[in-house]
Amino acid sequence: MSWLKGVSGDGYADAFSLSPGAEEADAAMREQVRLGLGERDYALMSLVIAGLLGCPRFMDSVRGLLPAVEAVKVIEDWREAGLSSKEQAAMVYVEKGTLRPHEAGPSDVEVLRAAGFNDTDILSLATAIAYQNHAMRVAAALGVEPL
Amino acid sequence: MSHGEFLRLQGDSDASEVAKVANNWRTAELDAKERAMLEFSERLTFTPGLMSPDDLDGLRAVGFDEAQILAIVAAAAYRNFVSRIAELLGVDLPDEGYSKELLEVFPSKTATSAVEEAIQ
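From first to last, the protein sequence lines stand for chains A and B. No gaps in the numbering here: position 54 of the first sequence is 54 in this note's numbering, and each next residue is one more. One rule links them: number in this note's numbering = place in the second sequence (from 1) + 147.
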């Protein structure tokens, strides 16, 4: 159950019931993020961000998108989880974007290009990193699970 | 938050007061509700994994209702979204039109690092 009073239901969208417009905007952004990334990349990113924010309980939100054993490895330490070099390059960007966004610079984008990402991919990655940092904070503050 | 993004929010507020908030909001002249809101926003930004129902009670105690609390959560989380888009893609707003007091706060650090320093 959401920590907000007067909200029925315990889901992420339920928590927005006091502000339907905000829920619509959030859902539209989430849909765009998921369209821009494959399921595996979305799951990897979500797990890494959940771990970095101290919210490992949010790994349930991507249950089924990755093998359970791999999901646990990723959330514990993605560097030791056997990810491909391209996935590891993306997770470096995820980590910086989550913990030290003010340190990001053109060289970070160049690293992604060198790993095989095109500029549309990089925009999708940045948007997804930003969205998950938004959504997990909403969920953490209101006592619900992110979608 | 990138400094251009932050500075765009100053509106009609006194420039030096906004600069204080950007540099270290604890030294700014804010009322109890504003302080509770910023304390909450800081926790949501830096330690979301430690948040609990007590954090919402802290906002209720100073007079915020449930819809206002949701608005604070959504706004603080949204700023975490926008600032990351800006920082990760090198997007910033031009500094033209911003006061000298505000610009002097940021030449060598972002609002994010200023807040990190403030809570150490």
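Quick reminder that beta carbons are idealized off the backbone N, C-alpha and C, glycines included.
Check	Outcome
Would ALA183 (chain B) pass as an interface residue toward chain A - the criterion being a Cβ-Cβ separation below 7 Å?	no
Take GLU87 (chain A) as the anchor and find which of A:TYR131, A:ARG63, A:ARG113 has the nearest alpha-carbon.	A:ARG113
Which runs of the alpha helix (DSSP H), 4 residues or longer, sit entirely within the stretch 194-232 of chain B?	200-208
Give the residues of chain B in contact with SER19 (chain A), contact being defined as C-beta atoms less than 8 Å apart.	ALA214, LEU217, ALA218, ALA221
Take GLY6 (chain A) as the anchor and find which of B:PHE187, B:LEU217, B:THR174 has the nearest alpha-carbon.	B:LEU217
Quick one: grab the DSSP three-state call for GLU176 (chain B).	coil
Taking the alpha-carbon of HIS134 (chain A) as reference, which of A:VAL74, A:MET29, A:GLY105, A:LYS73 has the nearest alpha-carbon?	A:MET29
So TYR93 (chain A) and ASP77 (chain A) are supposed to be a Cβ contact under 8 Å. How far apart are they, rounded?	Not really, about 17 Å apart at Cβ, beyond 8 Å.
Around the C-beta of VAL238 (chain B), are 16 or more other C-beta atoms found within 10 angstroms, so that it is buried, or is it exposed?	exposed
Taking 7 Å as the threshold (beta carbon to beta carbon), is GLY196 (chain B) in contact with chain E?	The structure shown contains no chain E; the protein chains it does contain are A and B.
ARG231 (chain B) to ALA25 (chain A), Cα distance in whole Å?	18 Å
Would the beta-carbon of VAL62 (chain A) fall within 7 Å of that of ALA43 (chain A)?	yes
Assuming MET29 (chain A) is part of the alpha helix (DSSP H), what are its boundary residues?	20-36
By how many angstroms is the C-alpha of LEU35 (chain A) removed from the C-alpha of LEU4 (chain A)?	30 Å
What does GLU234 (chain B) reach in chain A if we use C-beta pairs closer than 7 Å?	PRO101, HIS102, ALA104
Consult DSSP for ARG63 (chain A) and reduce its assignment to one of helix, strand or coil.	coil
Within 8 Å, do at least three Cβ pairs link the stretch 138-146 of chain A to the stretch 193-207 of chain B?	yes
Tell me whether GLN32 (chain A) is buried or exposed, calling it buried when 16 or more other Cβ atoms sit within 10 Å of its Cβ.	exposed
Output the boundary residues of the alpha helix (DSSP H) element that contains ALA71 (chain A).	68-77
Count Cβ pairs between the stretch 110-127 of chain A and the stretch 198-209 of chain B that sit closer than 8 Å; are there 3 or more?	no
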